[in-house]
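Enquirer: Take a look at this one; I'll ask things after.
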Amino acid sequence: DARVTQTPRHKVTEMGQEVTMRCQPILGHNTVFWYRQTMMQGLELLAYFRNRAPLDDSGMPKDRFSAEMPDATLATLKIQPSEPRDSAVYFCASGLVKDSPQHFGDGTRLSIL
Amino acid sequence: AQTVTQSQPEMSVQEAETVTLSCTYDTSENNYYLFWYKQPPSRQMILVIRQEAYKQQNATENRFSVNFQKAAKSFSLKISDSQLGDTAMYFCAFTSDSGGSNYKLTFGKGTLLTVNP
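Chains as they are written, first to last, in my numbering: chain A, 1 to 113; chain B, 1001 to 1117.
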């Protein structure tokens, strides 16, 4: 089965460091989503792309977060500088619009010390 | 804005029995899609079942079925013959293309289901 691939699976780093998370969507999917999961807030949408164009990043703290899709096979989510409150699991999901469900990657567990 | 409410933070069931997880949502849209996702301790997000709002027939996938009540805005998940591997957090999710939402998912807070031997 085709899968969404996320790297790294785990990341531990110190406050102030730059963090880059990568996602390879399922081939042929034209939408890519970034979600953040925490105990307090649950699953929150950070940003998403359709046909590589950013459509909505209203859920993302723009002063430190950025999301890009340099090509159809790669989406990135960067945090610079990172803060302890950014500690969470970050999921990437891909899909086709309308009647196709989103397929999730295994997530990146990020810990900022 | 759409909201999804899962009123049961935790539930438990004995192996082989049936359990129903509740979900309600709020929307003014007529066309939308509803999903149940399962997240086991491995933290993968696994699609369990989906329902299109314009279809009256309730979706079924093996031991999983839904009771979709459009007028009541209710979308419950029934798990029959519960298995130990069903132990997981279950999320109800909503999506539509209204108001520029562009099919992004809105999730409920989740229900932690424990299947006991």
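Using N, Cα and C, we set each Cβ at its ideal position, and we do this for glycine too.
Taking the alpha carbon of A/L96 as the reference point, which residue from A/P25, A/L74, A/L113 and A/R64 has its own alpha carbon closest?
Expert: A/P25
Enquirer: Across which residues does DSSP place A/M40 in a beta bridge pair?
Expert: The partner list for A/M40 (beta bridge, DSSP) is empty, contrary to what the question assumes.
Enquirer: Against chain A, which members of the segment 1040 to 1062 of chain B pass a CB distance test of less than 7 Å?
Expert: R1043, Q1044, M1045, L1047, R1050 and E1052
Enquirer: Helix, strand or coil for B/L1105 per DSSP?
Expert: coil
Enquirer: Do you know offhand how far B/P1041's Cα is from B/E1061's?
Expert: 22 Å
Enquirer: Could you have a look at A/P70 and say whether DSSP puts it in helix, strand or coil?
Expert: strand
Enquirer: Any C-beta of chain B sitting closer than 8 Å to the C-beta of A/G42?
Expert: yes
Enquirer: When we look at the beta-carbon of A/D63 and count the other beta-carbons within 10 Å, is it buried (16 or more) or exposed?
Expert: exposed
Enquirer: Mapping the DSSP letters down to three states, classify B/L1084 as helix, strand or coil.
Expert: helix
Enquirer: Using CA coordinates, which residue listed in B/F1068, B/F1107 and B/N1067 is at the minimum distance from B/F1091?
Expert: B/F1107
Enquirer: Residues of the segment 18 to 36 of chain A in Cβ contact with chain B at a cutoff of 9 Å, in chain order, please.
Expert: T31, F33 and Y35
Enquirer: For B/P1117, I'd like the list of residues in its chain whose CB is within less than 7 Å of its CB, leaving aside the five on either flank, ordered along the chain.
Expert: E1015 and L1084
Enquirer: For A/A88, I'd like the list of residues in its chain whose CB is within less than 7 Å of its CB, leaving aside the five on either flank, ordered along the chain.
Expert: R36, Q37, T38 and L110
Enquirer: For B/V1013, I'd like the list of residues in its chain whose CB is within less than 6 Å of its CB, leaving aside the five on either flank, ordered along the chain.
Expert: V1019, S1082 and V1115
Enquirer: Using a C-beta cutoff of 8 Å, does A/L46 count as contacting chain B?
Expert: no
Enquirer: Which residue wins for smallest C-alpha separation from B/Q1069, given the options B/S1080, B/Y1054 and B/R1063?
Expert: The alpha carbon of B/Q1069 has as its nearest neighbour, out of B/S1080, B/Y1054 and B/R1063, the alpha carbon of B/Y1054.
Enquirer: Using a Cβ-Cβ cutoff of 9 Å, what residues of the segment 1080 to 1108 of chain B are near chain A? List them in chain order.
Expert: F1091, A1093, T1095, D1097, G1100, S1101, N1102, Y1103, K1104, L1105, T1106, F1107 and G1108
Enquirer: Are any of the Cβ atoms in chain A nearer than 8 Å to that of B/F1064?
Expert: no
Enquirer: With a threshold of 8 Å between beta carbons, is A/Q6 in contact with chain B?
Expert: no
Enquirer: Go through its chain and collect everything with a Cβ distance to B/K1104's Cβ below 8 Å, but skip five positions before and after it.
Expert: T1095
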